[in-house]
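**Q** I have a structure I would like to understand better, so I am pasting it below and will then ask my questions one at a time.
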Amino acid sequence: MPDTVYLTTPLYYVNAEPHLGHTYTTVVVDTLARYQRAMGRDVFFLTGTDEHGDKIAAAAEKNHASPHEYADRISAIFRSTWDTCGITYDHFIRTTDDYHVAFVREVLQRVYDAGDIYFGDYGGNYCTGCERFYADRELIDGKCPDHETEPVWIKEENYFFRMGKYQDRLRDHLEKHPDLIHPAGYRNEVLGLLREPLEDLCISRPKSRLTWGIEMPFDPNYVTYVWFDALLNYLSGIRHVDAARADQRWAHAQHFIAKDILKPHAVFWPTMLMAAGFPVYQRLNVHGYWNMGESKMSKSLGNVIRPLEMKERFGLDSFRYFLLREMAFGSDASFTEDAFITRFNADLSNGLGNLTSRVLSMQDKYFDGVVQAADGAPQDRALAAAFTQAESAMKSQMEGLAFHLALEEIWKAFNACDKYIVEEAPFKKWKDESAHPRVGAILATLCDALRDAARMIAPFMPETSERIAAMLGRPAGGDTAWDAALSLADAAPKWGEFYPPGHTVGKPEPLFPRLETT
Ligand code: MSP
């Protein structure tokens, strides 16, 4: 039975269209899902949209649509964006899906019956951007630290979840599971939050003020929305798709979020799970924020990066590469077009692109594309060893979610190829006819290197991996030997033994034509 892996992205609000921030989390999870599948593990990847609440109702009104119509429209844009970007999610959930609504109501009733939901009166500072109340000590200069806007004072009768009751249990759980929140800095932040008394959580709105939510099963005058609604998707999604496997998947749940929604995921969610009688998720993985140069990304500043525009202009894989290579998971990073172009030219155009085209052009020019016999020279074996080493270092970085270091390890192997080409100088050796068999062996070695390159980059740059494999002569209809060679679960085929005698590789096509800086 292969290891089970269950990966989730946040459910994105449908009040805005997908941008670089949403794309980052989604690409991270997609990369990991592809990596885990290539490692032979059984992966389930859930993403979707969060559709209830004030914010969505307001956005709909502004766009002269009903909340439902509006949510349908924007949710479809998210979904088709991920489809166009080749995101390999297994299920796309919407919080307006019937099965999700039914599950939220079921859990609310259970927690209510157990006495952990009560009706009360509360006044507090509410940030609509975050859809939660803020204690005074959490505000900076009286403003929400994330949205930098003043919260509104809301006082009304509502339903509350007895979150405070679970404070000690949550602290114990965090202490017993030091890996629950990754990286450790965010775990410390949560332990810090738990040093202050934990307030109860307001989970309703009167229908007189908001109708766009899920009706409370025990009171038709109230709806629940946002956190008590959306967080439950992580369970309702897998239960809907395959109820029989849901518990087993849940035991391996790994959530991915940015730091903006740390408290809901690290405090609201585990206490909700405790109250509802479910085990806490396995791991919460928290990344930093993308800024645009020095400033925040925002529609009003006009600096929003859209994934489909990036795909159109530069190709999807280079965008994925940049996102994964530039941000250290957990820390903030900055996006600028200059930084993008610099990396594109250095790592992709001069690096991998140039390596591929040099090897395949020489193979074509000297041997009409036919791969020659290897000769097992020590320097060839040393290059193979550099790839084995890179693959194992890449895997250990992936287990720690250090995507940028995983890529750096792979690129070390490409640099070793460049050095090997300079030292072996096949273009010089070709001038001496007696050295032709050695030139053949050098190129055979390099064709093995390119095959291992396609294998290692596949989770990060799936299209490029496919293109390299196709140029190396992978049959279009699929082929078991190639599948095994590209899977990270199997040992890489031994260099010099993979290509059958007479195997012909294709002519090089440019992978990453150099970009001019503006
Ligand atoms: N709907 C809630 C989440 C509910 S989860 C059960 C929500 N939605 S959101 O649309 O605002 O998405 C927030 C998430 O989008 C972040 O946690 C992160 O995954 C991604 N990002 C949005 N902007 C981002 C950056 N500027 N940088 C990095 N990621 C960010 O919160």
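Just so you know, the sequence shown maps onto residues 72 to 589 in my numbering. Even glycine gets a Cβ: it sits at the ideal position worked out from N, Cα and C.
Is D331 a contact residue of ligand 1, with contact defined as CB to any heavy atom under 7 Å?
**A** Working through the sequence shown from its first residue, we reach residue 331 at position 260. Within the cutoff, so yes.
**Q** Do you know whose CA, among K126, Y491, R522, P277, lies nearest F289's CA?
**A** For the purposes of this step, residue 289 is identified with residue 218 of the sequence shown, where counting begins at 1. Closest by alpha carbon: P277.
**Q** Do the stretch 347 to 365 and the stretch 176 to 187 make contact, defined as three or more Cβ pairs closer than 8 Å?
**A** Counting Cβ pairs under 8 Å, three or more are found: they touch.
**Q** Looking at the structure shown, is P138 part of a helix, part of a strand, or coil, going by DSSP?
**A** Mapped onto the sequence shown, residue 138 falls at position 67. It is helical.
**Q** Return the CA-CA distance between V85 and V261, expressed in angstroms with no decimal places.
**A** The count along the sequence shown starts at 1 and reaches residue 85 at position 14. The count along the sequence shown starts at 1 and reaches residue 261 at position 190. Spanning the two alpha carbons is a distance of roughly 28 Å.
**Q** Span of the alpha helix (DSSP H) holding I309?
**A** Sequence index remark: in the sequence shown, residue 309 carries index 238 (1-based). Note, I309: alpha helix (DSSP H), 304 to 312.
**Q** Checking 8 Å against the spacing of the C-beta atoms, do D271 and G284 come in under that value?
**A** Counting from one through the sequence shown, the residue named residue 271 turns up at place 200. Counting from one through the sequence shown, the residue named residue 284 turns up at place 213. For D271 and G284, no; Cβs fall outside 8 Å.
**Q** Could you tell me whether any non-hydrogen atom of ligand 1 is closer than 7 Å to the CB of D101?
**A** The count along the sequence shown starts at 1 and reaches residue 101 at position 30. For ligand 1, not one heavy atom lies less than 7 Å from the Cβ of D101.
**Q** Do P81 and T96 have their CB atoms nearer than 8 Å?
**A** Walking along the sequence shown from the start, residue 81 turns up at place 10. Walking along the sequence shown from the start, residue 96 turns up at place 25. Yes, the Cβ-Cβ distance between P81 and T96 is below 8 Å.
**Q** Which residues in the same chain as T459 place their Cβ atom closer than 8 Å to its Cβ, once the five residues preceding and following it in sequence are excluded?
**A** Position 388 of the sequence shown, counted from the first residue, corresponds to residue 459. Here the set comprises A563.
**Q** So for H248, helix, strand or coil by DSSP?
**A** Here residue 248 refers to the residue found at position 177 of the sequence shown. Here H248 sits in coil by DSSP.
**Q** For the stretch 564 to 573 against the stretch 503 to 522, are there 3 or more C-beta pairs whose distance is under 8 Å?
**A** Counting Cβ pairs under 8 Å, three or more are found: they touch.
**Q** Bridge partners for H358 per DSSP, in chain order?
**A** For the purposes of this step, residue 358 is identified with residue 287 of the sequence shown, where counting begins at 1. For H358, which the question treats as bridged, DSSP gives the partners A329.
**Q** Within the same chain, show all residues whose beta-carbon is closer than 6 Å to that of M381, passing over the 5 residues directly before and after it, in chain order.
**A** Start at 1 with the first residue of the sequence shown, and residue 381 comes out as number 310. Once the five neighbours on either side are set aside, the close Cβ partners of M381 are F390.
**Q** Cα-Cα, which of P584, H244, F231, N292 is closest to T427?
**A** Reading the sequence shown from its first residue, position 356 is the one you call residue 427. The shortest Cα separation from T427 among P584, H244, F231, N292 belongs to P584.
**Q** Is it true that the CB of F406 sits closer than 8 Å to the CB of W340?
**A** Taking the first residue of the sequence shown as 1, we reach residue 340 at position 269. Taking the first residue of the sequence shown as 1, we reach residue 406 at position 335. No, the Cβ-Cβ distance between W340 and F406 is not below 8 Å.
**Q** Take M465 as the anchor and find which of C215, T79, D250, P530 has the nearest alpha-carbon.
**A** In the sequence shown, counting from the first residue as 1, residue 465 sits at position 394. With distances taken between Cα atoms, M465 lies closest to P530.
**Q** Just checking G92 against ligand 1 - is the residue's beta carbon closer than 7 Å to any of the ligand's heavy atoms?
**A** Here residue 92 corresponds to residue number 21 of the sequence shown, with the count starting at 1. Correct: G92 has its Cβ closer than 7 Å to ligand 1.
**Q** Leaving out five residues before and five after A520 in sequence, what residues of the same chain have Cβ atoms less than 7 Å from its Cβ?
**A** By 1-based counting over the sequence shown, the position of residue 520 is 449. Once the five neighbours on either side are set aside, the close Cβ partners of A520 are L454, F458, C488.
**Q** What would DSSP say about M287, mapped onto helix, strand or coil?
**A** Translated into positions along the sequence shown, residue 287 becomes position 216. Reduced to three states, the DSSP call for M287 is strand.
**Q** Hey, L394 and L582: beta-carbon distance below 8 Å or not?
**A** The count along the sequence shown starts at 1 and reaches residue 394 at position 323. The count along the sequence shown starts at 1 and reaches residue 582 at position 511. In this structure, L582 does not lie closer than 8 Å to L394 by Cβ.
**Q** Can you name the residues that DSSP bridges to E228?
**A** In the sequence shown, residue 228 corresponds to position 157, counting from 1. Partner(s): D192.
**Q** Quick check on this structure: which residue in E88, V99, H90 has the alpha carbon closest to the alpha carbon of G401?
**A** Indexing the sequence shown from 1 puts residue 401 at position 330. Of the candidates E88, V99, H90, the one whose C-alpha sits nearest the C-alpha of G401 is V99.
**Q** Span of the beta strand (DSSP E) holding P581?
**A** Residue numbering aside, residue 581 sits at position 510 when the sequence shown is read from its first letter. Run containing P581: none; DSSP gives neither H nor E here.
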